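*Asks:*
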Amino acid sequence: MSARTLAELTTFQVGGPIAALYEPQTHDHLVETLRDLWSEGEEPLILGGGSNLVAGDDGYDGPVVRIAHTGLEVLPSTPGTVALRVSAGVVWDELVAHTVARGWSGLEALSGIPGSVGAAPIQNIGAYGQEVSAVLTAVELLDRYGEDPVWVPADQLELGYRTSVLKRHQGDPAERDAVVLTVEFALTDAAGLSAPIAYGQLAGALGTELGAQLPVAEVRASVLALRASKGMVHDPRDRDTFSAGSFFTNPIVPLSAARSLPADAPRWPVDPIEPEPTVIDLDHYTGELPGFTPPARVEMVKLSAAWLIEHAGVGKGFHLPGSRAAISSKHTLALTNTGGSTGAEVAALARFVQARVAAEFGVHLAPEPVLVGVEI
């Protein structure tokens, strides 16, 4: 591959020139390439499928490393479970198709998500009631300042809603500066049945109830159809799919703030924020806490970013005058490149959407993709 711009390496097809492209084809070559670049003082941009990146028009003046090594191994496991070790460069939906074809459950509702396996734990990808955190057991990482790759249990990654210690947030560095090399999963072998259906829209599409278990192939087909109806499955014939998928995360706000929204605004309960422990200086502790009131935990709810956008007056197909970036004609949560868009146009549209939602509802929408050379 001889790509010269980030536009050629991303599903959004925006982004300027790059200095150099490396595509190591094996695990060891990837490790060697990264070590060499880091030792030379370079800061390589790491790419997988390029489906979760919005790049600026000035491009990236350092090297780009596209993770391309593939491989899948079934590990010894207990009856009823299937342990998999998968290389980071494997295409995510090819992995899902592989597991569904064998009747294994745990990934079927994540069908159609673009990108590579290595990106899944970084983002803690999720859809239709499933999150990768539910089946992720460990990742192999190469730390920026580490000598050798290390295996890290999933519970050390601080996996949350579309986040982990490995994710960069709006240009800020990740808490752990490391590259994912390999990922391990623990799936279920339930005679071809899916995990319990946990999302209302999917249950409706399947004509079943929440909690039901259906053949994994049937669930996958329904998820792919739902995603395609929203322009969330990349199709070179459909400009609506030239995007980064869902552009904004669903905001999580205090329940008290959500009460100011219209009654029909969707909201779902999430884990509350527990108060920080109170630290007492024992050298000056008298045994009394005059006037002390224990901090209360804060009840939180998750809102629908798509609902907020639509009800802030930004409808499907909307675009700023003269801009080639637009809201998808199928789903308001996706920003798309209608043809020849620039990174600046995408960023301007994203900022407009944020401003409209903030003005109408007082809620900030955070972008989901990684931003390189753009500010939103």
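Numbering (our numbering), first residue to last: 210 to 585. Here a beta-carbon is modelled for each residue, glycine too, at the ideal position from N, C-alpha and C. Note that this is a predicted model, so its numbers are computed, not measured.
In whole angstroms, give me the CA-to-CA distance for glutamate 584 and valine 273.
*Replies:* Those two C-alpha atoms are separated by around 20 Å.
*Asks:* Are glycine 298 and glycine 327 touching if we call contact CB-CB under 8 Å?
*Replies:* Yes; because the gap between Cβ atoms is below 8 Å, this pair is in contact.
*Asks:* Spatial neighbours of threonine 235 within its chain, please: CB distance less than 8 Å, with the 5 preceding and 5 following residues excluded, ordered by chain position.
*Replies:* Here the set comprises His278.
*Asks:* What does the Cβ neighbour count give for glutamine 365, buried or exposed, with the cut at 16 atoms within 10 Å?
*Replies:* Label assigned to glutamine 365: exposed.
*Asks:* Here's the rule I'm using: 16 or more other beta-carbon atoms within 10 Å means buried, otherwise exposed. How should histidine 573 be labelled?
*Replies:* Flag for histidine 573 reads exposed.
*Asks:* Hey, could you find the ends of the alpha helix (DSSP H) glutamate 519 is sitting in?
*Replies:* Unbroken alpha helix (DSSP H) run through glutamate 519: 514-520.
*Asks:* Just list the residues that DSSP pairs aspartate 381 with in beta bridges.
*Replies:* Looking at the DSSP assignment, aspartate 381 forms a beta bridge with His378.
*Asks:* With a threshold of 7 Å on Cβ separation, who are the neighbours of alanine 383 within its own chain once the five nearest residues in sequence on each side are excluded?
*Replies:* For alanine 383, where only same-chain residues beyond five positions count, the Cβ hits under 7 Å are Val374, Leu375, Lys376 and Arg377.
*Asks:* Tell whether a beta-carbon distance below 8 Å holds between valine 428 and glutamate 317.
*Replies:* Yes, the Cβ-Cβ distance between valine 428 and glutamate 317 is below 8 Å.
*Asks:* Are the CB atoms of glycine 582 and tyrosine 269 nearer to each other than 8 Å?
*Replies:* Yes; because the gap between Cβ atoms is below 8 Å, this pair is in contact.
*Asks:* Quick one: which unbroken alpha helix (DSSP H) runs of 4-plus residues sit fully inside the region 223-300? Chain order, please.
*Replies:* 236-248, all fully within the region 223-300.
*Asks:* Which same chain residues end up closer than 6 Å to tryptophan 360 when comparing Cβ atoms and leaving out the 5 residues on each side of it in sequence?
*Replies:* Contacts found: Ala347 and Glu349.
*Asks:* Compute the Euclidean distance between the alpha carbons of methionine 210 and serine 452, then round it to the nearest angstrom.
*Replies:* Note that methionine 210 has pLDDT 47, beneath the 50 cutoff, so the model's placement of it is unreliable and the number below is only indicative. Using only the alpha carbons, I get a separation of about 21 Å.
*Asks:* Go through its chain and collect everything with a Cβ distance to threonine 458's Cβ below 6 Å, but skip five positions before and after it.
*Replies:* If we look at threonine 458 and ignore the five residues flanking it on each side, its Cβ neighbours are Arg371, Ala575 and Glu577.
*Asks:* Tell me which same chain residues have a C-beta within less than 8 Å of the C-beta of alanine 414, skipping the five on either side of it?
*Replies:* Excluding positions up to five away in sequence, the list reads Ser431, Ala434 and Leu435.
*Asks:* If I'm right that isoleucine 227 touches isoleucine 255 with Cβ under 8 Å, what's the distance once you round it to whole angstroms?
*Replies:* Not quite, the Cβ-Cβ distance comes to about 13 Å (not below 8 Å), so this is no contact.
*Asks:* Could you check where the alpha helix (DSSP H) with valine 555 kicks off and where it finishes?
*Replies:* Start and end: 552-570.
*Asks:* Would you call the region 518-535 and the region 558-568 in contact, with 3 or more CB pairs under 8 Å?
*Replies:* Yes, since at least three Cβ pairs between the region 518-535 and the region 558-568 fall closer than 8 Å, the two stretches touch.
*Asks:* From this set, Ile536, Gly338, Leu390 and Val507, which residue's C-alpha is nearest phenylalanine 456's C-alpha?
*Replies:* Taking only the C-alpha atoms, the option nearest phenylalanine 456 is Ile536.
*Asks:* Identify whether serine 431 lies in helix, strand or coil by the three-state DSSP scheme.
*Replies:* It is helical.
*Asks:* Can you have a look at serine 248 and say buried or exposed, based on whether 16 or more other CB atoms are within 10 angstroms of its CB?
*Replies:* Answer is exposed; the Cβ neighbour count stays below 16.
*Asks:* Report the start-end ranges of each beta strand (DSSP E) in the region 387-455 that is 3 residues or longer and not cut off at the edges.
*Replies:* With a minimum length of 3 residues, the continuous beta strand (DSSP E) runs that stay inside the region 387-455 are 387-398 and 452-455.
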